Amino acid sequence: MNSFGRLLRLLRVRAGLSQPSLAAKVFVSQATISRFESGSRTPDPALARLIDEAVVAAGALANLIPADTDRAAFRARRPGLVDRTVILDLESRLVRLRKLEDLSSSAHVTPMVAVLTESAVRAAGDAPYALRASAIGTAALSATYLGWCHFTAGRYEAAESMLDRAVAYAYESQSPDSLERTMSYRGVMELVWGSPAAAASMLGAARRDTRAHPALRAYDTGQQARALAHAGHPHEADRILLEADRLADRIDYADLPESAYWFTPGWLVLRRGVAMLAQGRVASARHEIEQGYSAMPAEHRQAHWARQWIDAVTADRPPGDLVLPPRRRGVANSPSSRPVGPRRPRP
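Residues 1107 to 1453 (the numbering used here) are what the sequence shown spells out, left to right.
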């Protein structure tokens, strides 16, 4: 089963459609839908768009077909050449995979993210000097995403190695936004591993460059407040959280890069609630998380990274990615085997 087929089956079942009913909606036979899901056949772009609409995929299915077709055509025309078109295509594919994860899971997209990261690193090596910084910045973001996919799957050593590579790529790119985002993920990993002091230090470094987008810096400032609260420094956490609020007031969301599409006003309010939850301010945290979640776009509210927090405060159910104890790196704990400890949810 190819990636299109796997996602089609997942979304068809989620939409409550049988193969025959979906076939009737898009004017093909049930056997055709079956072949699409098994991967023995792939629809043309027009049919992929019809299927996408029928299962309410918001473009995630349709984008899998033209992206592959366009890329193959480009390579056929200009084999081995890396130009700005190639870099933009890699960035676009990265965004599509993140949105695909929102509809499915990180496990579903990990193989595709691995291929994308390999392509991005290779493109950075082949790029001409004038495009080198841009290409290596794209490689940094791809490697960051792959590291996080490894992390959510419990492959902690692979995650640490990949995120360290991502930070190195970001330093080489000299892109404030790329460096901020790679350091941010690395810091959150330390927090999940149960090293809040190290996390606070890394998140502080991530937000230090004032050239980075204010939305990214506001997010990391809130994360640093959260890490400080976990480290037992509530007063410093309060001070940093106020700084996060000031940064949030300066954000021009129209200026956000497409690769940071989930940074919305509602998302940052929700994240403020998460920091307050770490401080033990449960009632205020619940209010902020509920308000932020309600303000997020509908498609974002369906994603795990948003739902886990509303579940944590409305159903008294902690997210699956709880804080791990120190010295458990490299141990793939399942959510059921992780220590519950304080109900302090994760990123």
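Yeah, the Cβ is synthetic: ideal placement off N, Cα and C, and Gly gets one too.
This one's a predicted model, so the numbers in the text were calculated from it and none came from an experiment.
Closer than 6 Å by C-beta to residue i: which residues in its own chain qualify, once you throw out the five before and the five after it? Chain order, please.
i, result
"Leu1285", "Ala1276"
"Ser1212", "Cys1255, Thr1258"
"Leu1156", "Val1132"
"Thr1288", "Ala1246, Thr1250, Ala1272, Val1273, Ala1276"
"Val1119", "none"
"Asp1232", "Val1188"
When you compare each of the options to residue i by their alpha carbons, which one comes out closest?
i, options, result
"Phe1142", "Ser1198, Ala1389, Arg1120, Leu1113", "Leu1113"
"Ser1225", "Glu1207, Leu1200, Ala1236", "Leu1200"
"Gly1204", "Glu1342, Glu1364, Pro1149, Ala1304", "According to the sequence as given, residue 1204 is Arg; it is not Gly. The residue with the shortest Cα to Cα distance from Arg1204 is Glu1364."
"Ala1391", "Pro1403, Asp1417, His1339, Phe1369", "Asp1417"
"His1410", "Ser1109, Glu1159, Leu1206", "Leu1206"
"Ser1135", "Leu1153, Gly1122, Arg1120", "Leu1153"
"Ala1401", "Pro1234, Thr1370, Ser1146", "Thr1370"
"Glu1342", "Asp1355, Arg1356, Thr1327, Leu1353", "Thr1327"
"Pro1217", "Ser1109, Gly1260, Ala1381, Leu1269", "Ser1109"
"Ala1354", "Ala1324, Met1268, Val1161", "Ala1324"
"Arg1190", "Asp1351, Thr1244, Glu1278", "Thr1244"
"Val1219", "Tyr1235, Ser1198, Ser1146", "Ser1198"
"Ile1357", "Gly1386, Arg1317, Leu1222, Ala1331", "Arg1317"
"Ile1242", "Glu1159, Ala1230, Ala1236, Pro1234", "Ala1230"
"Leu1117", "Gly1260, Glu1159, Val1221", "Glu1159"
"Ala1129", "Ala1121, Met1382, Ile1139", "Ile1139"
"Leu1194", "Leu1222, Arg1314, Gly1122", "Leu1222"
"Ala1239", "Glu1278, Ala1360, Val1161", "Glu1278"
"Val1298", "Ala1366, Gly1260, Tyr1235, Gln1408", "Gly1260"
"Ala1265", "Arg1314, Arg1313, Val1294, Arg1407", "Val1294"
Classify residue i: buried if its beta carbon has 16 or more other beta carbons within 10 angstroms, exposed otherwise.
i, result
"Arg1184", "Low confidence applies to Arg1184: its pLDDT is 44, below 50, so where it sits in the model is not reliable, and the reading given next is rough at best. So Arg1184 ends up on the exposed side."
"Ser1248", "buried"
"Thr1250", "buried"
"Leu1196", "buried"
"Pro1320", "buried"
"Pro1441", "Reliability of the predicted coordinates at Pro1441 is poor, the pLDDT of 35 falling under 50, and the value obtained from them is presented with this limitation in mind. Exposed, because fewer than 16 other Cβ atoms sit within 10 Å of the Cβ of Pro1441."
"Pro1149", "buried"
"Leu1348", "exposed"
"Ser1290", "buried"
"Val1388", "exposed"
"Arg1292", "buried"
"Arg1313", "buried"
For residue i, collect the residues of the same chain with a Cβ closer than 7 Å to its Cβ; drop the 5 residues on either side in sequence, then sort them by chain order.
i, result
"Asn1169", "Arg1202"
"Pro1302", "Ala1333, His1336, Ala1337"
"Glu1296", "Ala1304, Ala1305, Met1308"
"Met1268", "Ala1249, Leu1252, Gly1253, His1256"
"Gln1385", "Ala1335, Pro1340, Ala1343"
"Ser1210", "Leu1113, Leu1116"
"Val1367", "Sequence inspection shows Tyr at residue 1367; the Val mentioned does not correspond to that position. Here the set comprises Val1201."
Take residue i and list the residues in its own chain whose beta-carbon comes closer than 8 Å to its own, dropping the five residues that flank it on each side.
i, result
"His1393", "Gly1379"
"Asp1361", "His1319"
Can we count residue i as close to the ligand COA, meaning its CB is less than 6 Å from some heavy atom?
i, result
"Ala1137", "No copy of the ligand COA appears in this structure; indeed no ligand is present at all."
So residue i and residue j are supposed to be a Cβ contact under 8 Å. How far apart are they, rounded?
i, j, result
"Leu1309", "Gln1280", "The Cβ separation is near 21 Å, so there is no contact."
"Ala1164", "Glu1405", "6 Å"
"Gln1397", "Val1375", "6 Å"
"Ala1381", "Ala1331", "5 Å"
Does the beta carbon of residue i come closer than 7 Å to any beta carbon on chain D?
i, result
"Gln1330", "Structure shown: chain D not included; a single protein chain is present."
* Those runs of the alpha helix (DSSP H) which lie wholly inside the region 1295-1381 and span at least 4 residues -> The qualifying runs are 1302-1312, 1320-1336, 1340-1354.
* To do: Scan the region 1132-1156 and note each continuous beta strand (DSSP E) run of 3 residues or more that stays entirely inside, going in chain order.
  => Entirely contained in the region 1132-1156, not one beta strand (DSSP E) run reaches 3 residues.
* **Uninterrupted alpha helix (DSSP H) stretches inside the region 1261-1285 (no shorter than 4 residues)** => Those alpha helix (DSSP H) runs which fall completely within the region 1261-1285 and span 4+ residues are 1262-1279.
* Go through the region 1181-1255 residue by residue and report every complete run of the alpha helix (DSSP H) that reaches 4 residues or more, in order. => Runs of the alpha helix (DSSP H) inside the region 1181-1255: 1190-1209, 1212-1232.
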